[in-house]
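Residue numbers (my numbering): 64 to 371.
Idealized CB from N, CA, C, for every residue including glycine.
Read the structure below first, then the notes.
The following block contains the structure:
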C-alpha cells in the first residue's frame, strides 16, 4: 500500500499568480508600456491522494476497448434461464438417411445390452451366483422315513419290529429333512438289543459338499479310535466310519458303524450301534464286518427308493 505524499513545509511568500488562461479564449492584448508579469508558480502538492479535479479521470482498468465499425455482438444466453415450452427442451430433429438407421441400430444394441445385464444381475440375486441352483438329483424326503427306507438286511439278525419307532420331518425353503430311529430286537428279547438310525437331508440353498467332506473324511481326526474308509460306487462320495471297543468280547464294550453318502446336494446317513454288557440278553451280537455289509446293501436300496 503506497503512503500518501506528505505536506511539504510552507514556502516563502510568493507573488499571487495570474489566473490561468482558459482554453479557446483569446490572449489579452498587452501594450508595450505594460509592466512585465512575474512568472507563474507551479501548483503546490497536497496531501489529497487523487489527481487535481481538473485533471482527466484515470482510465478504468476493467473497461472493454471500444471497437469502431464492428457489428453488435449477440447478448450471451442466461445459463439459468429455463428452456422454452413448459420447461421441456424442444424435440431434436430425427436423423435422416442412412445415418438415422445406424443410430437406431446402435441405440437398440445399447438397450439390449442394458436389459441383458439387468437380467443377469437379477439371476445372480435370485440364485446367489453362478452354479448355485440346488442339485437334488430327484431325491425326496418322505414324511415317514421309517417306512420309506430299506433296512431289510438286518431282519434276519433282528426279526422283531419296533412298534414305536421315532420319526421326524422338516420342510423349509433351505432344507428338507426326514429321519428315523428304531430299536433292533432278536427273537425273545424284551428290550432293544441294538439301535439303527437313518436320516436324509435335501440342502436347497447351499452346497453341502465341503462340509460333508470335512466332517466324514476327517472323522477319525476329531473323534478318538474311529476308523474311516472311503466307499466307492455310492453317489459323489461316501465314507464308512467304524469303531469296535469290545476287543472280541461279547459282554463288554461297544460296536458302532455309520455309512454317510453325498449325492449332489443330498446327504444320507445310516448308523448302527450295539452296547455289550453282562446284563444284556444278547450274548452273540453280529460281527462289525457283517454290519458294514448290511449298511452298504440297504443304503443303496434306500437311495433308489428316495428317488422314486
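Please state the DSSP three-state secondary structure of residue 239.
Residue 239 carries a strand assignment under DSSP once its states are collapsed to helix, strand and coil.
Measuring only the C-alpha atoms, how far is residue 259 from residue 197?
Straight-line spacing of the CA atoms in residue 259 and residue 197 works out to 29 angstroms.
So what does DSSP say about residue 65, is it helix, strand or coil?
For residue 65, the predicted structure reports a pLDDT of 43, less than 50, and the residue's modelled location is therefore unreliable. A value from the coordinates is still provided. Correct three-state label for residue 65: coil.
Rounding to the nearest angstrom, what Cα-Cα distance links residue 275 and residue 329 in this structure?
Distance from the CA of residue 275 to the CA of residue 329, rounded to the nearest whole angstrom, comes to 10 angstroms.
Would the region 357-366 and the region 204-214 be scored as touching if the rule is three or more Cβ pairs under 8 angstroms?
Segments in contact, yes.
Could you give the C-beta distance for residue 233 and residue 266, rounded to a whole number, given that I count them as a contact under 8 angstroms?
That pair is no contact at about 12 angstroms.
Return helix, strand or coil for residue 268, following the three-state DSSP convention.
DSSP places residue 268 in the coil class of the three-state scheme, outside both helix and strand.
Buried versus exposed, by CB contacts within 10 Å (16 or more), residue 332:
Buried, since its Cβ has 16 or more Cβ neighbours within 10 Å.
Candidates 348, 317, 313, 356: which alpha carbon is nearest residue 341's?
When only C-alpha atoms are compared, the closest one is 313.
Can residue 202 and residue 257 be called in contact, C-beta distance under 9 angstroms?
No, Cβ-Cβ distance for residue 202 and residue 257 is not below 9 angstroms.
Take residue 298 as the anchor and find which of 249, 370, 261, 207 has the nearest alpha-carbon.
It is 370 whose Cα lies nearest to the Cα of residue 298.
With distances taken between CB atoms, is the gap from residue 252 to residue 345 smaller than 9 angstroms?
Yes, the Cβ-Cβ distance between residue 252 and residue 345 is below 9 angstroms.
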